[in-house]
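Reminder that position 119 of the sequence shown reads as 120 in my numbering, one-by-one numbering, no gaps.
The structure appears below as structure tokens.
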Amino acid sequence: MSQLRKHLKFSWINRFRALIQKTRLGHLGKRVFLDKSIELLRFPKNIFIKDDVVIKEGAKICSCNSTAIVRIGERTTVGYNTFIFASEKIEIGNDCMIAPFVYIVDSNHQIAREIKINQQPNETAPIRIEDDVWIASNVTILKGVTIATGAVIAANSVLNQSVPAYEIWGGSPAKKIGERK
Numbered sequence: 002m003s004q005l006r007k008h009l010k011f012s013w014i015n016r017f018r019a020l021i022q023k024t025r026l027g028h029l030g031k032r033v034f035l036d037k038s039i040e041l042l043r044f045p046k047n048i049f050i051k052d053d054v055v056i057k058e059g060a061k062i063c064s065c066n067s068t069a070i071v072r073i074g075e076r077t078t079v080g081y082n083t084f085i086f087a088s089e090k091i092e093i094g095n096d097c098m099i100a101p102f103v104y105i106v107d108s109n110h111q112i113a114r115e116i117k118i119n120q121q122p123n124e125t126a127p128i129r130i131e132d133d134v135w136i137a138s139n140v141t142i143l144k145g146v147t148i149a150t151g152a153v154i155a156a157n158s159v160l161n162q163s164v165p166a167y168e169i170w171g172g173s174p175a176k177k178i179g180e181r182k
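The structure is reproduced here in structure tokens:
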């Protein structure tokens, strides 16, 4: 059991919060901790959360249209004030740690000169975060990225390309800075 889960108190308020959200979501697993002030936005039936997940205060998870999917795997923690916004698909594996203030978005706004900026469409590409990944605080993950099993993303990084298994990446834009031993 993780250090975080040892200190959680599953009060009747949390159980009531989960019961209400369970009716709105595509799936809500067992023993899920939904902290206060989380938001499950737009199309919550397209959000699937497996067992033993922790979602901390202020997190926002959005299925931004009727076909967008968000999946969060078992024993994953989503930190305070993290934003997960899917226009296509965001999949997060099992046993991941996502620190506070992480921004995961699978779309970019186009910026063509001949079209007014507020009329331009988004470009989308799915994001896949495999099992046993740690994403540190204030990381931004952009469209089309895959973070392979066991990878670590250092704090304050901007990730715009895929990361191989067990590598440590950091910076803006992020690049390889080491490997897990």
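Ideal Cβ positions, reconstructed from N, Cα and C, are used throughout, including at glycine.
(1) Should residue 101 and residue 138 be called a contact, given that it needs their Cβ atoms to be closer than 8 Å?
(2) From which residue to which residue does the alpha helix (DSSP H) around residue 17 run?
(3) Using a Cβ-Cβ cutoff of less than 6 Å, which residues in the same chain neighbour residue 165 once the five nearest sequence positions on both sides are dropped?
(4) Count Cβ pairs between the region 125 to 140 and the region 152 to 167 that sit closer than 8 Å; are there 3 or more?
(5) Which residue or residues does DSSP assign as beta-bridge partners of residue 172?
(6) Checking 8 Å against the spacing of the C-beta atoms, do residue 162 and residue 140 come in under that value?
(7) Pull up the CB-CB distance for residue 50 and residue 26, whole angstroms please, since I reckon it's below 8 Å.
(8) Around the Cβ of residue 131, are there at least 16 other Cβ atoms within 10 angstroms (buried) or fewer (exposed)?
(9) What number of angstroms, rounded off, separates the C-alpha of residue 143 from the C-alpha of residue 60?
(10) Please return the same chain residues whose Cβ sits closer than 6 Å to the Cβ of residue 43, not counting the five positions on each side in sequence.
(11) Compare the Cα-Cα distances from residue 83 to each of 180, 117, 119, 40 and report the closest residue.
(12) I'd like the span of the beta strand (DSSP E) that includes residue 92, first residue to last.
(13) Give the secondary structure of residue 61 by DSSP, where H, G and I count as helix, E and B as strand, and everything else as coil.
(14) With a CB to CB cut of under 7 Å and the five nearest residues on each side skipped, what residues in its chain are close to residue 36?
According to the data block:
(1) yes
(2) 13 to 25
(3) 149
(4) yes
(5) 175
(6) no
(7) 7 Å
(8) buried
(9) 18 Å
(10) 63, 64, 65
(11) 40
(12) 90 to 93
(13) strand
(14) 56, 57, 58
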